[in-house]
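Before any comments, here is the structure.
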Amino acid sequence: MPAIETDGLTKYYGDVRGVEDLSFSVREGEVFGFLGPNGAGKTTAIRTLMGFQSPTEGTATVLGADVRDAEALREARARVGFLPSEPGLDESVTGRRLIRYHGALRGDVRSEELLEVFDPPLDRKVREYSRGNKQMLAIVIAFMHDPDLVFMDEPTSGLDPLKQEELLEFIRAEQRRGKTFFFSSHILSEVRKVCDRVGIIRDGHLVELEDVESLLDRSGKLVRVRVGTDVDAEDLAIDGVHDVEVSGDGVEASGDVDDGPASGEGPDGATTVSFTYTGAYEPLLRRLLEFDLLDLSIEEAPLEDIFMRFYGEDPTERIGRVEGETGSNDENEVDQRTETADV
Amino acid sequence: MFETARYESERRLPAAAVISLALSAFAAMVLLIAPGIIGEIDVDALLADLPPALVESMGLQHMGTIEGFLALELYQFVWVLGLGAYVAYSAASTIAGDVEDGRMDTLLAAPVSRRRLLLEKYLALLSPVVVVNVVVFCVVAAGTAVIGEPVALADLVAVHALSMPYFMACGAAGMVASVAAPRRLVAEGVAAGAVVGTFLLQSLTTGTSAEWLGSVAPMRYYDPLAVLTASEYDPVGAGILLAAAAALLAVAVRVFEGADVQ
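Line by line, the protein sequences are chains U and X. Going from the first sequence to our numbering is simple: count from 1 and add 36. Going from the second sequence to our numbering is simple: count from 1 and add 91.
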């Protein structure tokens, strides 16, 4: 049985679309990333799955309970945790009292252990908390009853980088214990660290559902080379090279793509070229060795780049533009990976 | 069981203490000035200048006794109108306030039904009412003895006990406002406004052909003046108030269960 299964799940607020026709399933034990920009419908989907609001059409099950069946869903929530994007906490009491109350509502089997990692000042009133402390308290409340499935809406928001890392590590550890996560976010770097699969949502519709691995494969590598000679973008025109930017050392922003074939040369004659590469290593390295190679770095492209393709611009316009491509490497072309244009 | 009722009652204790103190102080002040007014002012002469209809509708002829004075100065207005409006107002902010501040999400994420949540929050609302009732009762009972104007204890018990169904009805009306209004501020205004509005409606229509309009007013079924001055208890009125409270709560639960929490 999938932990979450949605079938044509649709939610309208009057005439305003929240989400439309969402169909996907989340397997038990996986971390499912739910990606989209603000306003795409991530929170709407989570709130409908939690039963805070009823779907306009379609349905979904959460741990086998139909979201339209309030009583079944109430029972299922004993095994569900929820971490909202903005921690909704009673601020007039201390953190300790709030933990005791929520522990009484949902059961408390591990708040002490959680408080060793996420440690808000328990004896202070919640209204005195910083945003990060509130988030940590919300995390403790979300996990204190050791739920099997946890919905997280932008869970790292408000946490300092150290705590963000701790939360991601905690999620990985919980996954090893067999827990399932529904992880909504617009931050790709954290999604790629913990998620097995991602669904990308845009304007209320699911536009892509994929393994993080294949998403990363498609996104290619970010290559940076520094060569001792003058280089034109055309010199690097091999299959799989995109978005070439050429700049001379010490010359700022000389990769201005509107200037035609850029040919920046630094004071010492060295040139830095960066581009995205989606092919195999060998042809790339062969070509690069033809130059006087001073430095080379190859790293995974930021997921933001692929992410942008799904909602960064108008899809019809993009497809039109891509179809007009001849296959040559035009610096003005920001996006020419046709295989991803079938949105 | 009853975690929410307990938690919310605890949270309301400071408010209960403040209101108890304020009303006790007010009751003490009324009791302190009472002997002077009752003994030294010719109430009948004073009232002769006022329109008889006004005297009749407000029961001013009872001003000259300690029971009447207490009922008019403390119970008719501060208690019935003031505390009644406050109870409706606080009931209105329960659900609406939690929803508005996002606390409701954290609550509803727990395996607790909306019905239970609403009813427990309602129960918690009554705890400060009980506290205020007990404290003010003690202050009035002791105060009347101290100033040498004792009031029949049974009447005093009755005036406080019978106010409970009245406050329960006010609170239940506030719960309906809390789940039905789009925002917390609207809910609070509507709830407190309803208590004040029906009070005015009942006062203005008394003795007119439109008197039946006043039957929507909860204060029609709880008359502290009759209890204190004539020992007339109104068990039917109390029954009506309890039934109204139950019906209003049922409506509130129904609306809340079907609502989208946003």
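For each residue, glycine too, the CB sits at the ideal point set by N, CA and C. Remember, it's a predicted structure, so these values are computed and weren't measured experimentally.
Mapping DSSP to helix, strand and coil, what is residue i?
i               : result
A308 of chain X : coil
M278 of chain U : Note on residue identity: the sequence assigns His, not Met, to residue 278 of chain U. Looking at H278 of chain U - three-state DSSP - the assignment turns out to be strand.
S221 of chain U : strand
K215 of chain U : coil
Y165 of chain U : coil
R275 of chain X : helix
L329 of chain U : strand
E147 of chain X : helix
S61 of chain U  : strand
L195 of chain U : coil
R102 of chain X : helix
F68 of chain U  : strand
F258 of chain X : helix
A39 of chain U  : coil
I238 of chain X : coil
T97 of chain U  : strand
D246 of chain X : helix
D271 of chain U : helix
T265 of chain U : coil
T130 of chain U : strand
A118 of chain X : helix
M154 of chain X : helix
M180 of chain U : coil
E94 of chain X  : helix
V145 of chain U : coil
Q293 of chain X : helix
I206 of chain U : Position check: residue 206 of chain U holds Phe in this sequence, whereas Ile was assumed. Helix at F206 of chain U.
A18 of chain U  : There is no way to answer for residue 18 of chain U, as the model of chain U reaches only from 37 to 379.
S111 of chain X : helix
Just tell me which of the options has its CA closest to the CA of residue i.
i               : options                           : result
D279 of chain U : U:T307, U:T314 and U:S250         : U:T314
D60 of chain X  : X:V267, X:V250, X:L216 and X:S111 : Chain X is shown from 92 up to 353; residue 60 of chain X falls before or after that span and cannot be answered.
F168 of chain X : X:E302, X:Y312, X:V287 and X:F93  : X:V287
R102 of chain X : U:L85, U:G214 and U:K161          : U:K161
Y177 of chain X : X:P126, X:L253, X:L138 and X:E279 : X:E279
E326 of chain U : U:S333, U:L272, U:T308 and U:V282 : U:L272
E66 of chain U  : U:D266, U:I334, U:G256 and U:I207 : U:I207
E383 of chain U : U:T46, U:D268, U:R228 and U:E64   : For chain U, the structure presents residues 37 to 379; residue 383 of chain U sits outside this window and is missing.
S90 of chain U  : U:G50, U:A39 and U:D126           : U:G50
S221 of chain U : U:S283, U:S61 and U:G75           : U:G75
S184 of chain X : X:S322, X:A260 and X:L276         : X:L276
L122 of chain X : X:L214, X:F160, X:S306 and X:V190 : X:F160
V352 of chain X : X:F228, X:L199 and X:A233         : X:L199
F93 of chain X  : X:A282, X:V203 and X:R311         : X:V203
L204 of chain U : U:F218, U:K229, U:L45 and U:E190  : U:K229
K190 of chain U : U:E41, U:A39 and U:F68            : Note that residue 190 of chain U corresponds to Glu in the displayed sequence, not to Lys. Answer by Cα proximity: U:F68.
V129 of chain U : U:D159, U:V153, U:S147 and U:E152 : U:D159
E331 of chain X : X:M310, X:L316 and X:A343         : The sequence shown places Ile at residue 331 of chain X, not Glu. Checking every option, the nearest Cα to that of I331 of chain X belongs to X:M310.
A201 of chain X : X:V318, X:L339, X:T95 and X:D325  : X:T95
T262 of chain U : U:R233, U:G256 and U:T308         : The question names Thr, but residue 262 of chain U in the sequence shown is Arg. Taking only the C-alpha atoms, the option nearest R262 of chain U is U:T308.
E336 of chain U : U:G256, U:V282 and U:R260         : U:G256
A125 of chain X : X:A264, X:V231, X:G150 and X:A321 : X:V231
E318 of chain U : U:D328, U:R133, U:R213 and U:I274 : U:I274
T84 of chain U  : U:V62, U:V282 and U:V103          : U:V103
Looking only at DSSP bridge pairs, what is residue i linked to?
i               : result
L185 of chain U : U:V116 and U:T216
G188 of chain X : Answer is none; G188 of chain X lacks a bridge partner.
Y48 of chain U  : U:R53
A233 of chain U : Position check: residue 233 of chain U holds Arg in this sequence, whereas Ala was assumed. Bridge partners of R233 of chain U: U:F68 and U:D247.
F311 of chain U : U:V259
L242 of chain U : U:I237
S283 of chain U : U:T308
D336 of chain U : In the sequence under discussion, the amino acid at residue 336 of chain U is Glu, which differs from the Asp named in the question. E336 of chain U is bridged to U:K257.
D102 of chain U : U:T97
Item to complete: Run through the region 295–349 of chain X for me and flag every whole alpha helix (DSSP H) of 4 or more residues, listed as ranges in chain order.
Response: Taking only runs of at least 4 residues, the alpha helix (DSSP H) segments lying wholly in the region 295–349 of chain X are 315–321 and 326–349.
Worksheet entry | Three CB pairs or more closer than 8 Å across the region 180–187 of chain U and the region 134–143 of chain U | A contact exists between the region 180–187 of chain U and the region 134–143 of chain U.
Item to complete: May I ask you to verify whether the region 70–82 of chain U touches the region 46–58 of chain U, counting CB pairs closer than 8 Å and requiring at least 3?
Response: As far as the Cβ criterion goes, the region 70–82 of chain U touches the region 46–58 of chain U, which means the pair count is three or higher.
Worksheet item: Is there contact here, the region 183–197 of chain U with the region 117–133 of chain U, by at least three beta-carbon pairs under 8 Å?
Response: Yes, since at least three Cβ pairs between the region 183–197 of chain U and the region 117–133 of chain U fall closer than 8 Å, the two stretches touch.
Fill in: Stretch pair the region 167–179 of chain U + the region 194–205 of chain U: three plus CB contacts closer than 8 Å
Yes, the region 167–179 of chain U is in contact with the region 194–205 of chain U.
Worksheet item: In the region 156–229 of chain X, which residue ranges form an unbroken alpha helix (DSSP H) of at least 4 residues, counting only runs that do not cross its ends?
Response: Within the region 156–229 of chain X, the complete alpha helix (DSSP H) runs of at least 4 residues are 157–161, 175–191 and 194–199.
Worksheet item: Counting pairs of beta carbons, one from the region 150–161 of chain X and one from the region 118–133 of chain X, are three or more of them closer than 8 Å?
Response: With three or more CB-CB distances shorter than 8 Å, the region 150–161 of chain X counts as touching the region 118–133 of chain X.
Practice prompt. Check whether the region 107–124 of chain X touches the region 220–236 of chain X, taking contact to mean three or more Cβ pairs, one atom from each stretch, closer than 8 Å.
Written response: The region 107–124 of chain X is in contact with the region 220–236 of chain X.
Worksheet entry | the region 235–245 of chain X touching the region 188–198 of chain X, judged by at least three CB pairs closer than 8 Å | Contact fails: fewer than three Cβ-Cβ distances are below 8 Å.
Item to complete: Decide if the region 247–260 of chain U is in contact with the region 86–106 of chain U; the criterion is three or more beta carbon pairs, one per stretch, under 8 Å apart.
Response: Cβ pair count under 8 Å is below three, so no.
Worksheet entry | Three CB pairs or more closer than 8 Å across the region 327–345 of chain X and the region 246–262 of chain X | Touching, yes, given that three or more Cβ pairs across the two stretches are closer than 8 Å.
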